[in-house]
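Scroll down for the structure; my scribbles are underneath it.
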Amino acid sequence: MTHLFDPLAIRDITFANRVFVSPMCEYSSTDGFASDWHFVHLGSRAVGGAGLVLTEATAVVPEGRISPQDLGIWKDDHIEQLARVVRFIHEQGSVAGMQLAHAGRKASTYAPWAGHGTVPESEGGWKNVVAPSAVAFADGYPMPRELSIEGIQNVVSAFAAAARRACEAGFRVIEVHAAHGYLLHEFLSPLSNQRTDAYGGSFENRTRILREIVAAVRGSWPEGAPLFVRISATDWIEGGWDIQQSVELARQLKELGTDLIDCSSGGNVPHAKVPVGAGYQTQFAEQIRREAEILTGAVGMITSPVQAEHILVTGQADAVIIARELLRDPYWPLRAARELGQPISWPVQYLRAAPEGSQARVPVDLKNLESCFEEQHAIPER
Ligand SMILES: Cc1cc2nc3c(=O)[nH]c(=O)nc-3n(C[C@H](O)[C@H](O)[C@H](O)COP(=O)(O)O)c2cc1C
């Protein structure tokens, strides 16, 4: 039986526990650079004891940002600020991971608190919004331009180059974002992909770009470091992407070196009826884990320690990936461990508040990966 606070080893990385911080856009960057906000926001959750802290969707090209304020990793200049955040996370005994993303037809839109729909160029938006097909997400969203074959290959290369930069910044996990109606999900789903070339039509064609990206990222990412993929396991709508296709995709991504599928859902059509409730997406993590025989993360409305523990003990997933509850309480893992009566290390500065017998935090053990990372600089030529 696996418990919430059991370590999880994937390749050469051992996560101290199975509480992972879900990627969350912070809309707090200028020109893609990490800011003090990222340092404190991500750092706090590492202090709180999560085993893995994932960054928000981080754009691999500037036109792949959801909003002008998104985090980015499309140029080497971004590395230094990110490296500062990474160092702090690792000092706290947590592992730093980066979610790599391209927003596709949902790019150049407002931060949720700033407006709705397309940001005009006068406010920092851009016209170069791309997608598999010229189909807009909804009223008020940009009409995307259909990506050419060359454009697709440039996206694949951009993911690989971004992984190489993430590696230089010190990240030890990459998560490819293929969920929530962003570019890669748009390719997967027949609702947004109407292409008639090698990237549209059949299941094999619709999944091709994601398979190419996973292969390219794996090629520019150290052998010993984990690679995750986040998918929307279903579009929640007849005729769309569904769980059976997700299982088959997971099998194929595993063959290409993916270690864990982060099982989310929805986001590709505005009118889907999503039965939101406690743990409403956990069923997908369970089915993909069982049928594709790959590690999975459960995400969505996981809020209580007992609920999280139940998901693991019953073998529905290998980790719980938590978003909003970790905004409400960045120290949720410390609290959960107390409630479940399981030992967890505390920052040495806070030990006087810890349950009796608690150990002091030690930096995460990155084993022999340092030298492995130093050797890894090649960006695959295309
Ligand atoms: C503020 C906020 C920002 C988010 N940004 C991202 C993101 O950058 N990438 C992503 O895959 N999901 C993003 N999500 C979705 C979450 O990662 C998570 O899948 C979702 O909130 C459900 O989990 P929860 O019920 O624990 O919040 C975001 C959610 C929130 C609340």
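Count along the sequence shown starting at 1, add 211, and that's the number in this note's numbering. All C-beta atoms, glycine included, are put in the ideal place defined by N, C-alpha and C. All values derive from a computational prediction rather than experimental measurement.
{"Check": "Short Cβ contact (9 Å threshold) for Pro353 with Thr329", "Outcome": "yes"}
{"Check": "C-beta contact flag for Leu399 and Ala312 at 9 Å", "Outcome": "no"}
{"Check": "Complete runs of the beta strand (DSSP E) confined to the region 502 to 570 [at least 3 residues]", "Outcome": "506 to 510 and 530 to 533"}
{"Check": "Any non-hydrogen atom of ligand 1 closer than 8 Å to Gly260 Cβ", "Outcome": "no"}
{"Check": "Beta strand (DSSP E) segments (min. 3 residues) lying fully within the region 340 to 418", "Outcome": "384 to 389"}
{"Check": "Sufficient close CB pairs (3 or more, under 8 Å) joining the region 335 to 354 to the region 251 to 266", "Outcome": "no"}
{"Check": "Distance between Pro331 and Ile532 (C-alpha atoms, nearest Å)", "Outcome": "34 Å"}
{"Check": "Under the three-state DSSP convention, the category Ala589 falls into", "Outcome": "With a pLDDT of only 44 at Ala589, under the threshold of 50, the placement of this residue in the model should not be trusted; the figure read from the coordinates follows. In this structure, Ala589 counts as coil in the three-state DSSP scheme."}
{"Check": "Three-pair Cβ contact test at 8 Å for the region 415 to 434 versus the region 380 to 391", "Outcome": "yes"}
{"Check": "CA nearest to the CA of Glu497, picked from Gly526, Thr469, Gln518 and Gly477", "Outcome": "Gly526"}
{"Check": "Cβ-Cβ separation, His396 to Val443 (assumed contact under 8 Å), whole Å", "Outcome": "Before going on, a small fix: residue 443 reads as Ser here, not Val. That belief holds up - the Cβ atoms of Ser443 and His396 are roughly 5 Å apart, short of 8 Å."}
{"Check": "Start-to-end residues for the alpha helix (DSSP H) that takes in Val258", "Outcome": "Asp247 to Val258"}
{"Check": "First and last residue of the uninterrupted beta strand (DSSP E) at Ala648", "Outcome": "Residue 648 falls outside the range modelled here, since the chain spans only 212 to 593, and no answer is possible."}
{"Check": "Where the alpha helix (DSSP H) through Leu293 begins and ends", "Outcome": "Ile290 to Glu302"}
{"Check": "Cross-strand partners of Cys474 (DSSP beta bridge)", "Outcome": "Ile442 and Ala509"}
{"Check": "Cα-Cα separation between Ile513 and Gly478, rounded to whole angstroms", "Outcome": "19 Å"}
{"Check": "Residues near Leu467 by beta carbon distance below 7 Å, same chain, minus five either side", "Outcome": "Arg422, Val425, Ala426 and Arg429"}
{"Check": "Strand pairing of Gly308, partner residues [DSSP]", "Outcome": "Leu265 and Val384"}
{"Check": "Contact set, ligand 1 heavy atom to C-beta under 6 Å", "Outcome": "Ser233, Pro234, Met235, Cys236, Glu267, Ala268, Gln310, His388, Ala390, His391, Arg441, Ser475, Val510, Gly511, Met512, Ile513, Ile533, Ala534, Arg535 and Glu536"}
{"Check": "Cβ neighbours of Gln463 in the same chain (closer than 6 Å, five flanking residues each side left out)", "Outcome": "none"}
{"Check": "Alpha-carbon to alpha-carbon, Leu545 and Glu520", "Outcome": "14 Å"}
{"Check": "Contact set for Ala589: own chain, Cβ-Cβ below 6 Å, skip 5 residues either direction", "Outcome": "Since pLDDT at Ala589 reaches only 44, below the 50 mark, its modelled position is unreliable, and the value read off the structure follows with that caveat. No residues qualify anywhere along the chain."}
{"Check": "Local Cβ density within 10 Å of Val573, reported as buried at 16 or more and exposed below that", "Outcome": "exposed"}
{"Check": "Reduced DSSP category for Phe226 - H, G, I as helix; E, B as strand; rest coil", "Outcome": "strand"}
{"Check": "Test item: CB-CB of Gln492 and Cys474 under 9 Å", "Outcome": "yes"}
{"Check": "Simplified DSSP state of Val458, which is helix, strand or coil", "Outcome": "helix"}
{"Check": "Any chain D beta carbon closer than 9 Å to Gly381", "Outcome": "The question asks about chain D, but that chain is absent: this structure has only one protein chain."}
{"Check": "Nearest candidate by alpha-carbon position, reference Pro433, set Tyr410, Thr469 and Ala461", "Outcome": "Thr469"}
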